[in-house]
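Asker: Residue numbers (our numbering): 1 to 442.
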């Protein structure tokens with residue numbers, strides 16, 4: 001099948017590449033000329049395990065192409081996927097200007113029937129806005145060409161997006177007629193062979209499903225972080241509690257790991273957008289408000305522990321920071337807890353020596369050259385001259401370090417573990433002072 005993808009960012013590039021991998025002819029359209037030039041030169045603008053190999057293979061096979069020509073995009077694909085960004089507006093609502101701009105472009109150039117697919121994470125009612133926008137533009141053109149609008153939200157985890165797309169646990173499709181449902185079923189047939197993973201529903205329910213999924217996962221994280229703060233004050237170990245409640249199959253172990261807050265491009269933005277959607281229909285989403293409030297507070301917890309340990313005397317101190325991306329296996333630093341920590345340390349006059357396996361370039365892009373930031377080539381290099389080690393992201397590389405080396409290199413043998421990846425008793429037996437999340441003070 002011929003497929004056009006508008007937007008070659010995270011969602012668009014993964015979607016287009018995976019659809020090409022099963023034999024479709026995919027054209028990715030983006031207004032960013034530099035990004036398209038890089039993609040045509042074989043450069044991948046994001047880090048995602050396995051993506052570069054798939055892009056290269058399908059580009060060489062001619063099944064995956066990149067262009068800035070929107071007219072070519074409209075003419076190419078029966079399926080017109082909108083996968084552009086929906087950044088939060090000032091009030092927290094999703095900004096739909098890029099989605100509607102694509103809808104306008106499609107309507108200005110459409111010559112025959114097309115299925116317009118909302119792949120971006122968008123508020124409930126967006127498909128109606130896309131349809132209305134296209135009808136208005138086509139009316140001005142004096143044309144009346146048939147099209148359908150579909151909601152097909154993505155459920156891709158950064159760091160495991162290829163696996164998620166190729167072997168999905170569900171394919172949610174929102175349509176308003178049986179014909180479009182069957183067209184979408186045919187497109188997704190290669191990913192649906194083992195058993196039927198496609199869940200068809202009305203469009204508004206599909207739009208809400210995406211927000212509901214992310215809000216539920218964010219709620220679990222904030223709930224555990226709230227419990228971790230309580231456990232610390234009660235002298236309990238939240239990791240023991242986590243195992244105790246996770247063994248209940250009604251709860252499970254997924255997304256109940258306490259830490260220094262969630263980040264990324266999805267959870268913070270989607271919780272805020274759902275709060276805003278609730279407000280627009282006159283509903284006070286008390287729980288959603290609390291989820292966001294707990295997370296904002298949790299992002300400061302590492303700094304608070306550091307500041308307390310050093311009695312507020314942070315000026316001139318140096319901190320080794322391991323982990324800058326918001327989670328492992330990505331270079332994404334959007335809303336990352338590391339940013340909250342770095343900026344709080346700098347505000348107090350402290351210096352940072354940081355390492356991350358993938359997010360170093362992104363850190364440099366965000367913060368530029370600073371005298372109080374040293375980006376190190378190896379994790380052990382970050383320890384040189386540091387007064388303490390702070391673990392912010394739970395990369396596998398950090399899980400089993402040489403603690404004797406850490407103790408030797410640090411000016412003071414203290415570790416702040418923002419992801420509870422170390423055994424407190426093991427570290428204390430080695431003479432290291434340890435602070436975790438919800439595990440009591442050292």
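Beta carbons are placed, not taken as given, at the ideal position from N, Cα and C, and that holds for glycine.
Should the segment 260-272 be called in touch with the segment 325-345, which here means at least 3 C-beta pairs below 8 angstroms?
Answerer: At 8 angstroms Cβ cutoff, the stretches touch.
Asker: Nearest to residue 202 by CA position, among 138, 133, 124, 369, is which residue?
Answerer: It is 124 whose Cα lies nearest to the Cα of residue 202.
Asker: For residue 250, is the classification buried or exposed, using 16 other Cβ atoms within 10 angstroms of its Cβ as the cut-off for buried?
Answerer: When all chains shown are included, residue 250 counts as exposed.
Asker: Looking at the structure shown, is residue 410 part of a helix, part of a strand, or coil, going by DSSP?
Answerer: It is coil, neither helix nor strand.
Asker: Cβ atoms of residue 31 and residue 74: under 7 angstroms apart, would you say?
Answerer: Contact flag unset, no.
Asker: Please report how far the alpha carbon of residue 220 lies from the alpha carbon of residue 72, in whole angstroms.
Answerer: When rounded, the distance between both Cα atoms is 44 angstroms.
Asker: Could you tell me if residue 87 is buried or exposed, where buried requires 16 or more neighbouring beta carbons within 10 angstroms of its beta carbon?
Answerer: Exposed, because fewer than 16 other Cβ atoms sit within 10 Å of the Cβ of residue 87.
Asker: Residues in its own chain within less than 6 angstroms of residue 429 by CB, not counting five upstream and five downstream?
Answerer: So the list is empty, once near-sequence residues are dropped.
Asker: Looking at the structure shown, is residue 215 part of a helix, part of a strand, or coil, going by DSSP?
Answerer: Helix, per DSSP.
Asker: In the DSSP assignment, find the alpha helix (DSSP H) that holds residue 9 and state where it starts and stops.
Answerer: Per DSSP, residue 9 belongs to no alpha helix (DSSP H) and is neither H nor E.
Asker: Taking just the CA atoms, how far does residue 280 sit from residue 252?
Answerer: Approximately 34 angstroms between the Cα atoms of the pair.
Asker: With a CB to CB cut of under 7 angstroms and the five nearest residues on each side skipped, what residues in its chain are close to residue 332?
Answerer: Taken in chain order, the residues that qualify are 158, 264, 265, 325, 326.
Asker: Beta-carbon within less than 7 angstroms of residue 137's beta-carbon, same chain only, minus the 5 sequence neighbours each way: which residues are those?
Answerer: Same-chain partners within the cutoff: 104, 107, 108.
Asker: Below 7 angstroms between beta carbons: does that hold for residue 23 and residue 83?
Answerer: No, the pair does not count as a contact, with Cβ atoms beyond the cut-off.
Asker: By a C-beta neighbour count over all protein chains shown, 10 Å radius and 16 as the cutoff for buried, is residue 42 buried or exposed?
Answerer: That one is exposed.
Asker: Output yes or no for whether 7 angstroms exceeds the beta carbon distance between residue 357 and residue 395.
Answerer: Contact: yes.
Asker: Have a look at residue 442 and residue 336 and give me their C-alpha separation to the nearest angstrom.
Answerer: The pLDDT assigned to residue 442 is 48, lower than 50, so where the model puts this residue is not dependable, and the model offers no usable value.
Asker: Between the Cα of residue 1 and those of 77, 141, 386, spot the shortest distance and give me the residue it belongs to.
Answerer: Here the closest residue by C-alpha is 77.
Asker: First and last residue of the beta strand (DSSP E) that includes residue 82?
Answerer: Per DSSP, residue 82 belongs to the beta strand (DSSP E) from 79-82.
Asker: What distance in whole Å lies between the Cβ atoms of residue 92 and residue 9, which are believed to be in contact at a cut-off of 8 angstroms?
Answerer: Residue 9 to residue 92, Cβ: 21 angstroms. No contact.
Asker: By Cβ distance below 7 angstroms, which residues in the same chain neighbour residue 112 in space, the five residues on each side in sequence not counted?
Answerer: If we look at residue 112 and ignore the five residues flanking it on each side, its Cβ neighbours are 145.
Asker: Just grab the DSSP bridge partners of residue 151 for me.
Answerer: DSSP lists 118, 174 as partners of residue 151.
Asker: Terminal residues of the continuous beta strand (DSSP E) containing residue 65?
Answerer: It spans 64-67 - the beta strand (DSSP E) in which residue 65 sits, taken as one unbroken run.
Asker: Just the Cα atoms here: how many angstroms apart are residue 171 and residue 54?
Answerer: Using only the alpha carbons, I get a separation of about 21 angstroms.
Asker: Who are the Cβ neighbours of residue 310 in its own chain at under 7 angstroms, not counting the five residues just before and after it?
Answerer: The residues are 317.
Asker: Using 8 angstroms for Cβ pairs, my map puts residue 410 next to residue 381. What's the rounded Cβ distance?
Answerer: Incorrect: roughly 13 angstroms between the Cβ atoms, too far for contact.
Asker: Using the three-state DSSP reduction, which class does residue 455 fall into: helix, strand or coil?
Answerer: Residue 455 lies beyond the residue range present for the chain, which begins at 1 and ends at 442; the question has no answer from this structure.
Asker: Let me check understanding here. Comparing Cα to Cα, which of 49, 134, 148 lies closest to residue 452?
Answerer: Residue 452 cannot be examined here, being either before or after the span of the chain that is shown, 1 to 442.
Asker: For residue 12 versus residue 26, is the C-beta distance shorter than 7 angstroms?
Answerer: No, the pair does not count as a contact, with Cβ atoms beyond the cut-off.
Asker: Alpha carbon to alpha carbon, how far is residue 164 from residue 51? Give it in angstroms, no decimals.
Answerer: Spanning the two alpha carbons is a distance of roughly 12 angstroms.
Asker: Do residue 302 and residue 418 come within 7 angstroms of each other at the CB atom, strictly closer than that value?
Answerer: It is a contact, given that the beta carbons lie within the stated cut-off.
Asker: Which residue spans inside the segment 10-58 form an unbroken alpha helix (DSSP H) run of at least 4?
Answerer: If we require 4 residues or more, the alpha helix (DSSP H) runs fully inside the segment 10-58 come out as 10-21, 33-40.
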